[in-house]
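Note sheet for the following structure.
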Amino acid sequence: MSEVAAHYKSKISGQNLIGDLNFGFSVGRLKGASRLSMVTVPELWRDTIGYEISQDDWSKSEAQGNTLKSQSEAIAQRLEGQGIKAKIEGQTSTIGICTGVVEKVISYRNTNIIPVMQSKNIHDISRHVKYFADNANKNQLRMLVISNGWVPLNEYREAHKTFTRLISKFGSHEKVKEAGVELVYYNIENTIKREGDEPQLNMHSHVLIKATKKLGPQKWLAFMKWCASQFPKGYLHDSKIKNVQECVKYVFKPSEFNALTDPELAELFHQTFRLKFFHPLGEIRAFRKELNDNKMKLVKLPPKGLTEATTEAETDWQWRVIEKAKPGTRARSDESGGDVDNVLMAITNPSPKFSNQFEPCLVVHNFDGDIDRLVEREGIKDLIGKARDIWARRTASMRHTTTTTVRQSRKKTRKKSGHRRQGELLPNITPTYPQNPIAPALN
1 MSEVAAHYKS KISGQNLIGD LNFGFSVGRL KGASRLSMVT VPELWRDTIG YEISQDDWSK
61 SEAQGNTLKS QSEAIAQRLE GQGIKAKIEG QTSTIGICTG VVEKVISYRN TNIIPVMQSK
121 NIHDISRHVK YFADNANKNQ LRMLVISNGW VPLNEYREAH KTFTRLISKF GSHEKVKEAG
181 VELVYYNIEN TIKREGDEPQ LNMHSHVLIK ATKKLGPQKW LAFMKWCASQ FPKGYLHDSK
241 IKNVQECVKY VFKPSEFNAL TDPELAELFH QTFRLKFFHP LGEIRAFRKE LNDNKMKLVK
301 LPPKGLTEAT TEAETDWQWR VIEKAKPGTR ARSDESGGDV DNVLMAITNP SPKFSNQFEP
361 CLVVHNFDGD IDRLVEREGI KDLIGKARDI WARRTASMRH TTTTTVRQSR KKTRKKSGHR
421 RQGELLPNIT PTYPQNPIAP ALN
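Just so we're aligned: the sequence shown equals residues 1 to 443 in the UniProt record's numbering.
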C-alpha cells in the first residue's frame, strides 16, 4: 500500500460518510491571520462528492481545458524540435473514482510557456489572492497597472529582473507607507509583437494594493503622479477592483507564440527560465507561509444544505482549509531501472473533472489499464465504495429536488459522454447501489 492510500484510509476508514450529507465542519482553526475553519477528508467528501454545478459552466471549462491541452502539445513539440526537453518521461493517468473515466495526462516541465502549466500556476496563486480579496475591506483594494514598455526578446531576462526590483523598491518606499498603501500581490504579464524582423515583448504588471488611509481625490492624484515617476516609462494607472482575477490573469497569451519562429520560441524559454512571474507580498505572503508551515491547503465547499444545481460554480461557497496529503513516494523504477506500472501518486480532492458533478480522482503513474490490480494492491476498494455511495445518495436526492430543466441538462450530459449503467462498470469496484448514473469506458 502506498503512502497516499494509507493517508486516505486512515482519514476515512470507520467513518460514516453517508448518514448526513451536510456534516458540519470541525472546530479546529489555524492560528494567526488565516482564522479558517478546518475540514477533514470525510467532511470534504461528504459535502462535495456528487455536488452539481451548471452544465453550461462545466462545458465552458471543458472546452477551455481542451484548447490548453492542444496548444501545450503544439508548443512542446516546437520546443523539443529545438533541443529543449519539454515533457517529463513516464505516463500519468487520472481516474475518476465515481465515473470510471480514465484520462491519460502528458506531464510537462514547469514553464509558463506551456499553457497547461501556466494555467496550473495561475490557479495555485489565484486561490490565495481571491481568499484575501473575499475577506478584505473592498473599499481599500485597488489595482495599479504599471508598464515597462517594449523590450527586445534577447534583452528580456535582464529587463524582467530590473522591473521586479523596481516594483519591490517602490513597495518599500517611505512615501508609499506614509500614504497608507501596502502592496499585497503583483504579477508580470507579457504581450508579443514583431518590430521589423525582431520580436518585442511588452512587460507590464497588475499590482494589488491595500489603501488604508483616506487621502482625498487631490492628494491621491498627487500620490499617483509620484508613483508614476518611480518607473522609467512613466505609465501607471490605478482603478477600483471589479474582479480580483484581473490581477492574476496570464503570463503569456499562447496564440501570440505564432508570431515567433521556433528558434525565437526556444530563446524565449531560455530568457524566462526560472524567472518569477507571481509575487505574493505582505498579508498574502504571510498567509501562504502559514498554510505551508501548517501543511494545509485552501478548499471551497458549497453552502450547507444546498444540494441542487447552481448557475455559477462557486456562488456563496465557503473557504476552508484541509490537511495536505503526502505525495506518493513509491519508487517509479525497479532495481534494473525500468519504469514501474500502477504507482498511485495522489487522490485528488473532489472536483467536476469528468462531468458537472464533483468526484475525487486517482492519479496513477504508468497506469496499465488493470484497475483490479491497482485497487487490490493499494487496498482502496472500500474507499471507492464509500465515495460512490455518497455520489449515489446525492444524485438520488437531486433527482427529487432539482427542476425539470436541470434533469434534462443531466440527461444530455449522459448522452454526450456515453455513460454506462452499473452492470457495465469496471470490475472489482462495482458499487453497491442499484444504479450508477455515469460510468464511461476507459479511454
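No residue lacks a Cβ here, since even glycine has one placed at the ideal position from N, Cα and C.
Bear in mind the structure is a predicted one, so any value in this text is a computation, not a measurement.
Whole-angstrom Cβ separation of residue i and residue j, contact assumed at under 8 angstroms?
{"i": "V101", "j": "F354", "result": "4 angstroms"}
{"i": "F367", "j": "N349", "result": "Between N349 and F367 the Cβ distance is about 20 angstroms, and since that is not below 8 angstroms, they are no contact."}
{"i": "F132", "j": "F287", "result": "7 angstroms"}
{"i": "R320", "j": "L301", "result": "6 angstroms"}
{"i": "K324", "j": "K289", "result": "Actually they are not in contact, since the Cβ atoms of K324 and K289 sit about 14 angstroms apart, beyond 8 angstroms."}
Looking only at its own chain, which residues have a Cβ that is under 6 angstroms from the Cβ of residue i, when we skip the five neighbours before and after it?
{"i": "Y235", "result": "S147"}
{"i": "S107", "result": "I88, T92"}
{"i": "W150", "result": "Q200, N202"}
{"i": "W58", "result": "P352, N356"}
{"i": "F23", "result": "Summary for F23: the model assigns pLDDT 28, below 50, so the residue's position carries little reliability; its value from the coordinates is reported in the next sentence. Closer than 6 angstroms at the Cβ level, and outside the excluded window around F23, lie E43, R46."}
{"i": "Q230", "result": "F170"}
Leaving aside the five residues before and after residue i along the sequence, list all residues of the same chain whose C-beta is less than 7 angstroms from its C-beta, in chain order.
{"i": "F277", "result": "N112, N187, I188, V251"}
{"i": "Q408", "result": "Confidence is the limiting factor: at Q408 the pLDDT is only 43, short of 50, which leaves the residue's position unreliable, though a coordinate-based value still follows. Contacts found: none."}
{"i": "K233", "result": "S147, N148, G149"}
{"i": "K213", "result": "A179, G180"}
{"i": "F257", "result": "I75, L265"}
{"i": "G282", "result": "E182, L183, V184"}
{"i": "L268", "result": "I113, L153, L260"}
Taking a contact to mean a Cβ-Cβ separation below 8 angstroms, would you say residue i touches residue j in this structure?
{"i": "V181", "j": "A159", "result": "no"}
{"i": "E264", "j": "L144", "result": "no"}
{"i": "T191", "j": "K253", "result": "yes"}
{"i": "R46", "j": "I390", "result": "yes"}
{"i": "I284", "j": "Y185", "result": "yes"}
{"i": "A266", "j": "K193", "result": "no"}
{"i": "L221", "j": "A179", "result": "no"}
{"i": "I95", "j": "L362", "result": "yes"}
{"i": "residue 445", "j": "I97", "result": "As shown, the chain starts at 1 and ends at 443. That puts residue 445 outside it, with no answer to give."}
{"i": "L344", "j": "R127", "result": "no"}
{"i": "I125", "j": "V39", "result": "no"}
{"i": "Q82", "j": "D293", "result": "no"}
{"i": "S72", "j": "I114", "result": "yes"}
{"i": "R142", "j": "I241", "result": "yes"}
{"i": "W226", "j": "K175", "result": "yes"}
If you drop the 5 nearest sequence neighbours on each side, which residues of the same chain put their C-beta closer than 8 angstroms to that of residue i?
{"i": "K161", "result": "L275"}
{"i": "R109", "result": "K85, A86, K87, I88, M117"}
{"i": "P303", "result": "D316, W317, Q318"}
{"i": "R373", "result": "N342"}
{"i": "M224", "result": "L236, D238"}
{"i": "Q140", "result": "K210, A211, T212"}
Is it the case that the CB of residue i approaches a heavy atom of the ligand ZN more closely than 7 angstroms?
{"i": "I322", "result": "The ligand ZN is not part of this structure, which contains no ligands at all."}
Touching or not, the region 65-82 and the region 370-388, by the rule of three or more beta carbon pairs under 8 angstroms? They do not touch, by the three-pair rule.
Taking contact to mean at least 3 C-beta pairs separated by less than 8 angstroms, is the region 193-210 in contact with the region 161-177? Yes, the region 193-210 touches the region 161-177.
Beta strand (DSSP E) segments (min. 3 residues) lying fully within the region 98-158: Given a length threshold of 3 residues, each whole run of the beta strand (DSSP E) inside the region 98-158 is given here in chain order: 102-105, 141-152.
Segment contact, 8 angstroms Cβ cut-off, at least three pairs: the region 115-129 with the region 61-72: With three or more CB-CB distances shorter than 8 angstroms, the region 115-129 counts as touching the region 61-72.
Threshold first: 4 residues or longer. Then list the alpha helix (DSSP H) segments lying entirely within the region 203-286, N to C. Counting only runs of 4 or more residues that sit fully inside the region 203-286, the alpha helix (DSSP H) segments are 217-229, 262-272, in chain order.
List in chain order: all unbroken beta strand (DSSP E) runs of 3+ residues lying wholly within the region 340-396. Counting only runs of 3+ residues, the beta strand (DSSP E) found wholly inside the region 340-396 occupies 343-347, 361-365, in chain order.
For a minimum of 3 consecutive residues, which ranges assigned as the beta strand (DSSP E) are wholly contained in the region 30-95? Unbroken beta strand (DSSP E) runs of no fewer than 3 residues, entirely contained in the region 30-95, are not found.
Runs of 3 residues minimum, wholly inside the region 156-194: which ones carry the beta strand (DSSP E) assignment? Those beta strand (DSSP E) runs which fall completely within the region 156-194 and span 3+ residues are 181-187.
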